[in-house]
Amino acid sequence: MTALTPVLPEAPQGGTPAKGPTTAARKSQRFANGKRGLEPWLYLAPAFIVLIALLGYPIFQLINVSLYDYRQAQVSGKAPLNFVGLENYQKLFADPQFWTVLGNTVVFATACVVFTLLVGSSLAVLATRLRPWVRSMLFVVSLGAWATPAVTGSAVWLFLFEPTLGLVNKSLVAIGLTQFEGYSWTYDKWSAFGLVASEVVWCSFPFVLVTVYAGIQAIPTEVIEAARIDGASMPRIARSIMLPMLRPIVIVVTIQSIIWNFKIFSQIYIMTNGGGIAGQNLVLNVYGYQQAFAASLYGLGSALGVIMTALLMVITLVYLRILKRTGEAL
Amino acid sequence: MTAVDVSSVSRRTATTDAPQKLRKQGKRRFGADAAAIIIALIVAFPLFWMVLSALKPKTALDAGDAAPYTLEPSLDSFGRVLGVNNFGQYFLNSVIVALVVVVLSTILAFLAAVALTRYNFKMRTKLLIIILVSQMVPVEALTIPLFFLLRNAGEAIPLVGLNQLGSLVLVHVGFSIPFAIWMLRGFVAAVPLEVEEAARLDGASSFRFVRSILFPLVAPGVVACSVFSFISTWNDFLFAKTFIISAQENQTLPMALLTFFKPDQNDWGAIMAGSVIMTIPVLIFFVSVQRKLVSGLAGAVKG
Chain P
1 MTALTPVLPE APQGGTPAKG PTTAARKSQR FANGKRGLEP WLYLAPAFIV LIALLGYPIF
61 QLINVSLYDY RQAQVSGKAP LNFVGLENYQ KLFADPQFWT VLGNTVVFAT ACVVFTLLVG
121 SSLAVLATRL RPWVRSMLFV VSLGAWATPA VTGSAVWLFL FEPTLGLVNK SLVAIGLTQF
181 EGYSWTYDKW SAFGLVASEV VWCSFPFVLV TVYAGIQAIP TEVIEAARID GASMPRIARS
241 IMLPMLRPIV IVVTIQSIIW NFKIFSQIYI MTNGGGIAGQ NLVLNVYGYQ QAFAASLYGL
301 GSALGVIMTA LLMVITLVYL RILKRTGEAL
Chain S
1 MTAVDVSSVS RRTATTDAPQ KLRKQGKRRF GADAAAIIIA LIVAFPLFWM VLSALKPKTA
61 LDAGDAAPYT LEPSLDSFGR VLGVNNFGQY FLNSVIVALV VVVLSTILAF LAAVALTRYN
121 FKMRTKLLII ILVSQMVPVE ALTIPLFFLL RNAGEAIPLV GLNQLGSLVL VHVGFSIPFA
181 IWMLRGFVAA VPLEVEEAAR LDGASSFRFV RSILFPLVAP GVVACSVFSF ISTWNDFLFA
241 KTFIISAQEN QTLPMALLTF FKPDQNDWGA IMAGSVIMTI PVLIFFVSVQ RKLVSGLAGA
301 VKG
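Residue numbers (UniProt numbering), protein chains in the order written: chain P, 1 to 330; chain S, 1 to 303.
Structure below.
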């Protein structure tokens with residue numbers, strides 16, 4: 001919602017407009033086919049069979065492994081499996097590094113989410129007011145950024161910010177900022193996070209741009225015209241018609257950004273070379289991967305995976321609860 | 001900070017050119033256009049630098065040449081990338097896997113989205129939450145259980161076992177579906193109920209309505225989702241690295257690229273050339289999608 005503030009220029013505050021049809025009415029209208037027995041399940045079945053096999057079962061195994069002392073010896077079958085209950089979790093909670101990593105993750109991901117939504121939706125609104133060729137240009141370059149693989153996008157940004165060969169430092173020195181000669185952007189913890197976050201925003205805002213723009217375009221022109229004929233001002237149209245109709249899309253975009261940015265892996269892994277100097281740039285996902293594959297502590301790594309899933313669930317449920325309070329059904 | 005500039009510009013134009021939009025927009029739009037062009041240049045710059053660095057000769061790159069042009073473009077870097085054994089095969093494998101994943105995951109997700117938005121049944125909300133939660137699991141953590149799962153599956157059905165492209169297809173379909181369902185919901189729900197009632201009155205069966213009316217109407221959303229599946233599959237290297245162990249002929253493109261990443265002596269020219277090669281198919285996909293997006297939306301509104 002905050003993301004869409006640009007759509008809402010100072011609207012006249014008097015005479016609170018009804019927010020579209022009331023929620024209850026809308027809800028009952030949403031379904032043509034009340035209860036139709038098996039029909040929805042036929043549509044659901046193919047997707048859910050795949051999901052149960054390829055997500056449900058592995059997730060079950062992930063939780064399972066997190067309860068064992070599972071190391072290289074157990075993988076190759078040389079040592080017996082040892083059920084340790086919650087010991088892996090206790091170890092983590094007692095480790096100060098875990099709490100630092102958790103803090104890093106929250107700060108880094110939140111910054112990425114906020115900037116991605118802000119940039120993406122501002123540009124989506126801007127895109128509706130552009131000449132066609134300018135809009136096409138904006139879309140093509142954005143899609144180019146989106147299309148760039150995480151691996152190669154990270155490489156390009158690293159190359160641009162390279163201490164001695166990089167264009168950024170060379171330009172900064174050229175305009176007189178000599179302290180940037182040979183300056184390493186990845187040496188300091190927060191400048192490293194900032195660099196990674198810039199790359200992340202660069203390659204993820206196009207998703208928000210395209211989706212919100214498609215949502216704005218999907219609003220039937222008849223509806224807008226009807227409102228205009230009835231004498232509604234443009235701000236009023238934006239607030240009372242466009243925003244309610246965009247809401248499902250804004251919800252999707254926000255939740256997705258949260259999920260993706262909390263799970264950032266490749267960018268951190270490549271740009272900070274596996275988590276930065278002395279692990280200063282570790283986020284939960286990379287930390288879990290390092291524990292599992294670098295240290296062969298599969299049990300501990302799985303426990304981190306479970307914790308991360310739980311964390312994302314809590315954040316998303318809180319978000320959905322807030323939405324519910326404002327009257328939007330899932 | 002770009003975001004702030006943009007919103008202020010769009011805010012101004014939003015308020016001012018509202019009433020006689022058509023007559024006034026010529027002049028008023030100029031500010032928005034200028035801002036958009038500057039933003040586009042900033043966004044495009046890393047890509048421009050990627051292409052430029054791919055074309056610069058190796059000596060210039062190693063010397064730290066910062067010129068925004070090159071007087072002696074060379075294709076040496078591309079030569080080094082294409083010289084990797086089986087590069088064509090890797091490329092083809094990536095295309096096959098990505099296309100199969102796009103088609104399968106889009107069909108499955110669309111059908112599921114129909115069930116979850118146009119029917120009201122007991123488990124509906126619970127299923128939506130399950131789908132949401134399933135996206136939150138970090139895929140990196142699932143590599144181990146999936147490895148064992150596919151090893152066992154391969155004994156029953158060789159096509160989807162380890163070292164087979166089928167294993168990559170399966171895994172990526174699984175990871176693409178939840179997001180695709182989640183995103184298609186908004187588009188499927190946006191089709192007015194009246195359309196469905198009209199189809200029903202005209203005697204269309206439920207499946208006929210979904211196939212011939214609903215699907216064309218939500219095509220823009222479907223296309224947007226298929227782009228996502230395509231990209232995530234195309235870019236993946238973790239699963240390719242983990243599941244394709246011995247069958248080199250079934251390896252995918254990102255793995256070929258990774259051979260140029262070396263601890264201290266990155267071959268920047270080859271990395272950039274490889275990136276260019278990897279980005280082109282996705283861009284082509286996007287350009288065709290954009291056209292569909294526009295016509296699909298126009299069709300949905302006018303039809």
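Ideal Cβ placement from N, Cα and C applies to all residues, glycine included.
Keep in mind the model is a prediction, meaning the values are calculated, not measured.
Buried or exposed (CB count within 10 angstroms, at least 16 for buried), residue i
i, result
"M308 of chain P", "buried"
"residue 361 of chain P", "Residue 361 of chain P is absent from the model: chain P starts at 1 and stops at 330."
"P132 of chain P", "exposed"
"residue 332 of chain P", "Absent from the model: residue 332 of chain P. The displayed extent of chain P is 1 to 330, so no value can be given."
"T106 of chain S", "buried"
"M123 of chain S", "exposed"
"F83 of chain P", "exposed"
"G85 of chain P", "exposed"
"A34 of chain S", "exposed"
"G275 of chain P", "buried"
"F93 of chain P", "exposed"
"P138 of chain S", "buried"
"A295 of chain P", "exposed"
"A67 of chain S", "exposed"
"P46 of chain S", "buried"
"V318 of chain P", "exposed"
"G166 of chain S", "buried"
"V289 of chain S", "buried"
"E155 of chain S", "exposed"
For residue j and residue i, believed in contact at Cβ under 8 Å, the rounded distance
i, j, result
"W146 of chain P", "P206 of chain P", "4 Å"
"residue 304 of chain S", "P244 of chain P", "Within the shown structure, residues of chain S are numbered from 1 to 303, placing residue 304 of chain S beyond reach of any answer."
"Y187 of chain P", "I277 of chain P", "7 Å"
"L123 of chain P", "L209 of chain P", "5 Å"
"V283 of chain P", "T128 of chain P", "Incorrect: roughly 35 Å between the Cβ atoms, too far for contact."
"A109 of chain S", "A180 of chain S", "3 Å"
"K189 of chain P", "Q280 of chain P", "4 Å"
"S266 of chain P", "A192 of chain P", "Incorrect: roughly 15 Å between the Cβ atoms, too far for contact."
"A240 of chain S", "V81 of chain S", "Incorrect: roughly 17 Å between the Cβ atoms, too far for contact."
"P178 of chain S", "S134 of chain S", "5 Å"
"I241 of chain P", "I224 of chain P", "7 Å"
"F121 of chain S", "P40 of chain P", "5 Å"
Continuous alpha helix (DSSP H) stretch holding residue i: start and end
i, result
"T316 of chain P", "Y298 to R325"
"G79 of chain S", "D76 to L82"
"Y90 of chain S", "F87 to R118"
"L238 of chain S", "L238 to F243"
"Q280 of chain P", "Here Q280 of chain P belongs to no alpha helix (DSSP H), and DSSP marks it neither H nor E."
"K189 of chain P", "K189 to A218"
"V50 of chain P", "E39 to L51"
"W99 of chain P", "P96 to A127"
"N152 of chain S", "V139 to A156"
"T148 of chain P", "Note, T148 of chain P: premise wrong, no alpha helix (DSSP H); not H, not E."
"E222 of chain P", "T221 to I229"
"Q74 of chain P", "Q72 to V75"
"D62 of chain S", "K58 to D62"
"L62 of chain P", "Y57 to S66"
"T271 of chain P", "The sequence given here has Met at residue 271 of chain P, not Thr. Taken as a continuous stretch (DSSP letters only), the alpha helix (DSSP H) holding M271 of chain P covers S266 to M271."
Residue from the options whose Cα sits closest to the Cα of residue i
i, options, result
"S184 of chain P", "P:L143, P:E225, P:F159 and P:L44", "P:F159"
"P281 of chain S", "S:F237, S:I231, S:F261 and S:L132", "S:I231"
"A53 of chain P", "S:I39, S:A247, S:P73 and S:P145", "S:P145"
"P216 of chain S", "S:F121, S:V195, S:M278 and S:G83", "S:V195"
"F115 of chain P", "P:G194, P:I251 and P:L92", "P:G194"
"V50 of chain P", "S:A115, S:V173 and S:R118", "S:V173"
"E199 of chain P", "P:V253, P:V252, P:K324 and P:S154", "P:S154"
"T273 of chain S", "S:I42, S:L104, S:A63 and S:G79", "Thr is not the amino acid found at residue 273 of chain S; the sequence shown has Ala there. Nearest option by C-alpha distance: S:G79."
"residue 362 of chain S", "P:T148, P:T272, P:V168 and P:K78", "Chain S is shown from 1 up to 303; residue 362 of chain S falls before or after that span and cannot be answered."
"S74 of chain S", "S:T59, S:A112 and S:A63", "S:T59"
"L99 of chain S", "S:L168, S:M183 and S:D62", "S:L168"
"W182 of chain S", "S:G83, S:L111 and S:N120", "S:L111"
"A44 of chain S", "P:A109, P:L102 and P:S142", "P:S142"
"L42 of chain P", "S:I157, S:V218, S:F207 and S:F285", "S:F207"
"residue 370 of chain S", "P:V173, P:A47 and P:S76", "Chain S is shown only over 1 to 303; residue 370 of chain S falls outside these bounds and no answer can be derived."
"G221 of chain S", "P:A227, P:Y213 and P:E222", "P:Y213"
Legend entry - Stretch pair the region 79-90 of chain S + the region 249-257 of chain S: three plus CB contacts closer than 8 Å: yes
Inset, instruction - Answer yes if the region 115-122 of chain P comes into contact with the region 198-214 of chain P, meaning at least three C-beta pairs across the two stretches below 8 Å, and no otherwise. - result: Enough Cβ pairs lie closer than 8 Å, so yes.
Legend entry - the region 48-56 of chain S touching the region 239-247 of chain S, judged by at least three CB pairs closer than 8 Å: no
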